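The block underneath contains the structure these notes are about, expressed in structure tokens.
Chains as they are written, first to last, in the working numbering: chain V, 18 to 246; chain R, -11 to 402.
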């Protein structure tokens, strides 16, 4: 069973009086435990596609199934529940909660989204801290961390609930090349360790080369596909 | 709940200046309300106590029509012995009644042998009057009550009259009164004491023994025209008044009409209007507090939501249920209200305590009122509860907005 399956997927926005078709009939399939990149220039529809796969937005046409669930059928609450259970997010600006420590940021989805018991929570946080190499910084606040460290924490937070799918919109855009590669290495390692599928968007050619599967988007259409998806 | 409160507390600490300012505003509001309530309550209690415990009593019984013509102090509306007996029996049957004092009020001419003026007098039974008016003795500014409130052949006169007529305790004066039949009778009296004037009806009256009043007025019967009643607890006033009215409804004149009226102190004293004004001010200041808390919290919560739109987008994107986001912001409002209430209440209680250590006094008319502010636990809890409730209500709209936020729009917010 594929993890994500899109068929003739479209998305149209209303911008003032004009309808803007951001995604124009896209078909793709993503298998579990893969490292997938959606690449393309700004405005090509990468973020829109990622938002739909992440149940943050609804398609206006076609079919999109994530973990065998028809995304179009989920209302606001059900979509939030689905995201909380199955999907992790990594953001370009890291988006860590500034009043929480590193450990608490990782713990947040376990506590506020899934309500795990304390002992299981702490064990999982320790496991992830070690996995992303942030054990020493567990008690630090986000403003005491470097960009790379923040993104490591974000990766750990995205994986906390054993998400099957982690979506990362331009995860390396605010990082230097060395750090960006290290984050991609971390994603690969986490994929290998936990079997998680990482889907990220980028327009950096060097970063996209690291992905095992690449979908190229141009003006809302898939124009190229590399790798086994 | 605990985790939400913990996170809310951290978010409040994160904008500590704003939190401090908002809490300060709530604290100020609470202190203003509690101080006003305690000080105005003390003023009311002192004044009501003075009026009821030194002049009026809590309730008064008169013949119908007497109160309407009380300025003339008519003697043709006296309560006859038979009716008086029924009243005394009705009062004895009420367990709420502590003491009863029959009075014979009349007007007279007061002469010091060189000058003459008018005086309002109360013929009283000293022991019963003392029991019904425990503060009357405290109004004595000159003279003595060592042998009773007022001895036969002696007078207690108001301070203003004593000063105006240059009369001192021990001086002999003449009272001339018009009797019920229109004849005039005069009698000499010795001034036993001088009473401090107090605000309200009867506050500048003189007192003499009931027997002397009857002799002066040439009344053969045991007639009175006012019965002052003191209750054990003023809170039972309206209930007891209603019971007494019901009990006296059967006392009728030969035409079968009700003979007697029962008035509570607030129907007799103009201070009741001042007391009502104080209650109204009290209400306004509470409404102002609600307004302050509502605007302050709403303002701070709207700002909190606006400044954390991306953060709200993040937590919504990673799956935080909308009701939990709502709870998070409501908890911030709740904590703000709670902290403001606790500090404000503690500060208010300290100030009330300080005001009792160093009492404030001020002149009210010719009286010096010494305030002893106090506030009931129930009042403190009630005000605290209102503030906390308003704080939560004020957070509701911003919290609702945060919980309904579209994650994509929120994440794009700059």
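Just so you know, even glycine gets a beta-carbon here, dropped at the ideal spot from N, CA and C. For clarity, every value in this text was computed on a predicted model and none was experimentally measured.
Whole-angstrom distance between residue j and residue i, CA atom to CA atom
{"i": "residue 176 of chain R", "j": "residue 140 of chain R", "result": "11 Å"}
{"i": "residue 54 of chain V", "j": "residue 228 of chain V", "result": "6 Å"}
{"i": "residue 128 of chain R", "j": "residue 208 of chain R", "result": "31 Å"}
{"i": "residue 390 of chain R", "j": "residue -5 of chain R", "result": "15 Å"}
{"i": "residue 310 of chain R", "j": "residue 125 of chain V", "result": "15 Å"}
{"i": "residue 330 of chain R", "j": "residue 107 of chain R", "result": "55 Å"}
{"i": "residue 377 of chain R", "j": "residue 341 of chain R", "result": "27 Å"}
{"i": "residue 290 of chain R", "j": "residue 386 of chain R", "result": "5 Å"}
{"i": "residue 155 of chain R", "j": "residue 100 of chain R", "result": "7 Å"}
{"i": "residue 24 of chain R", "j": "residue 269 of chain R", "result": "9 Å"}
{"i": "residue 105 of chain R", "j": "residue 63 of chain R", "result": "20 Å"}
{"i": "residue 202 of chain R", "j": "residue 346 of chain R", "result": "48 Å"}
{"i": "residue 403 of chain R", "j": "residue 393 of chain R", "result": "Since the first residue of chain R shown is -11 and the last is 402, residue 403 of chain R is not available in this structure."}
{"i": "residue 219 of chain V", "j": "residue 106 of chain V", "result": "15 Å"}
{"i": "residue 182 of chain R", "j": "residue 95 of chain R", "result": "18 Å"}
{"i": "residue 177 of chain V", "j": "residue 138 of chain V", "result": "9 Å"}
{"i": "residue 284 of chain R", "j": "residue 13 of chain R", "result": "7 Å"}
{"i": "residue 11 of chain R", "j": "residue 281 of chain R", "result": "9 Å"}
{"i": "residue 171 of chain R", "j": "residue 28 of chain R", "result": "49 Å"}
{"i": "residue 115 of chain V", "j": "residue 71 of chain V", "result": "24 Å"}
Below-9 Å beta-carbon distance, residue i vs any chain V residue
{"i": "residue 319 of chain R", "result": "no"}
{"i": "residue -1 of chain R", "result": "yes"}
{"i": "residue 284 of chain R", "result": "no"}
{"i": "residue 18 of chain R", "result": "no"}
{"i": "residue 14 of chain R", "result": "no"}
{"i": "residue 299 of chain R", "result": "yes"}
{"i": "residue 399 of chain R", "result": "yes"}
{"i": "residue 485 of chain R", "result": "Since the first and last residues shown for chain R are -11 and 402, residue 485 of chain R lies out of range."}
{"i": "residue 277 of chain R", "result": "no"}
{"i": "residue 322 of chain R", "result": "no"}
{"i": "residue 314 of chain R", "result": "no"}
{"i": "residue -5 of chain R", "result": "yes"}
Within chain V, partners of residue i - CB distance below 9 Å
{"i": "residue 309 of chain R", "result": "94, 97, 98, 101, 129 and 130"}
{"i": "residue 302 of chain R", "result": "106, 108, 112, 113 and 114"}
{"i": "residue 2 of chain R", "result": "115 and 116"}
Chain V contact residues for residue i, given Cβ-Cβ distances below 7 Å
{"i": "residue 427 of chain R", "result": "Summary: the structure shown does not reach residue 427 of chain R, with chain R confined to residues -11 through 402, and so no result is reported for it."}
{"i": "residue 7 of chain R", "result": "Here the premise fails: no neighbours, minimum Cβ distance about 13 Å."}
{"i": "residue 395 of chain R", "result": "73"}
{"i": "residue 274 of chain R", "result": "Within chain V, no residue comes near residue 274 of chain R; the closest Cβ sits about 35 Å away, beyond 7 Å."}
Any chain R beta carbon closer than 9 Å to residue i
{"i": "residue 126 of chain V", "result": "yes"}
{"i": "residue 152 of chain V", "result": "no"}
{"i": "residue 173 of chain V", "result": "no"}
{"i": "residue 27 of chain V", "result": "no"}
{"i": "residue 178 of chain V", "result": "yes"}
9 Å Cβ cutoff, residue i in contact with chain C
{"i": "residue 305 of chain R", "result": "Given the protein chain composition of this structure (V and R), no chain C is represented."}
Residue i: contacting residues in chain V (beta-carbon distance under 8 Å)
{"i": "residue -9 of chain R", "result": "128 and 129"}
Residue i CB to nearest heavy atom of the ligand COA below 8 Å
{"i": "residue 17 of chain R", "result": "Although the ligand COA was asked about, the structure shown includes no ligands whatsoever."}
Please confirm if the segment 57 to 67 of chain R is in contact with the segment 213 to 230 of chain R, defined as three or more CB-CB distances below 8 Å between the two stretches. With the cut-off at 8 Å, the segment 57 to 67 of chain R and the segment 213 to 230 of chain R touch.
Output needed in chain order: residues of the segment 371 to 390 of chain R with a Cβ under 7 Å from some Cβ in chain V. Against chain V - using a Cβ distance shorter than 7 Å - the segment 371 to 390 of chain R contributes no residues.
Could you list the residues in the segment 63 to 88 of chain V with a C-beta less than 8 Å from some C-beta on chain R, going in chain order? If you check each beta-carbon in the segment 63 to 88 of chain V against every beta-carbon of chain R, the ones closer than 8 Å belong to 68, 71, 73 and 74.
Any contact of the segment 233 to 241 of chain V with the segment 32 to 48 of chain V, i.e. 3+ C-beta pairs under 8 Å? Yes, since at least three Cβ pairs between the segment 233 to 241 of chain V and the segment 32 to 48 of chain V fall closer than 8 Å, the two stretches touch.
Taking beta-carbon pairs under 8 Å, can you tell me which members of the segment 171 to 192 of chain R lie near chain V? Listed in chain order, the positions of the segment 171 to 192 of chain R with a beta carbon within less than 8 Å of a beta carbon of chain V would be empty, since no residue qualifies.
For the segment 115 to 123 of chain R and the segment 82 to 94 of chain R, state whether three or more C-beta atom pairs, one from each stretch, are separated by less than 8 Å. With contact defined as three or more Cβ pairs closer than 8 Å, the segment 115 to 123 of chain R and the segment 82 to 94 of chain R are in contact.
Are the segment 107 to 117 of chain V and the segment 188 to 206 of chain V touching, with three or more C-beta to C-beta distances below 8 Å? With the rule of 3 Cβ pairs closer than 8 Å, the segment 107 to 117 of chain V counts as touching the segment 188 to 206 of chain V.
For the segment 42 to 51 of chain V against the segment 211 to 222 of chain V, are there 3 or more C-beta pairs whose distance is under 8 Å? Touching, yes, given that three or more Cβ pairs across the two stretches are closer than 8 Å.
For the pair the segment 320 to 330 of chain R and the segment 365 to 380 of chain R, tell me if three or more CB-CB distances fall below 8 Å. Taking one beta carbon from each stretch, the segment 320 to 330 of chain R and the segment 365 to 380 of chain R have 3 or more pairs nearer than 8 Å; the two touch.
Do the segment 275 to 284 of chain R and the segment 4 to 24 of chain R make contact, defined as three or more Cβ pairs closer than 8 Å? Inter-segment contact for the segment 275 to 284 of chain R and the segment 4 to 24 of chain R is present: three or more beta-carbon pairs are separated by less than 8 Å.
Three-pair Cβ contact test at 8 Å for the segment 357 to 377 of chain R versus the segment 292 to 305 of chain R: Two segments are said to touch when three or more pairs of C-beta atoms, one from each, lie closer than 8 Å; by this definition the segment 357 to 377 of chain R does not touch the segment 292 to 305 of chain R.
Given 8 Å, three or more beta-carbon pairs between the segment 70 to 80 of chain V and the segment 24 to 39 of chain V: Yes, the segment 70 to 80 of chain V touches the segment 24 to 39 of chain V.
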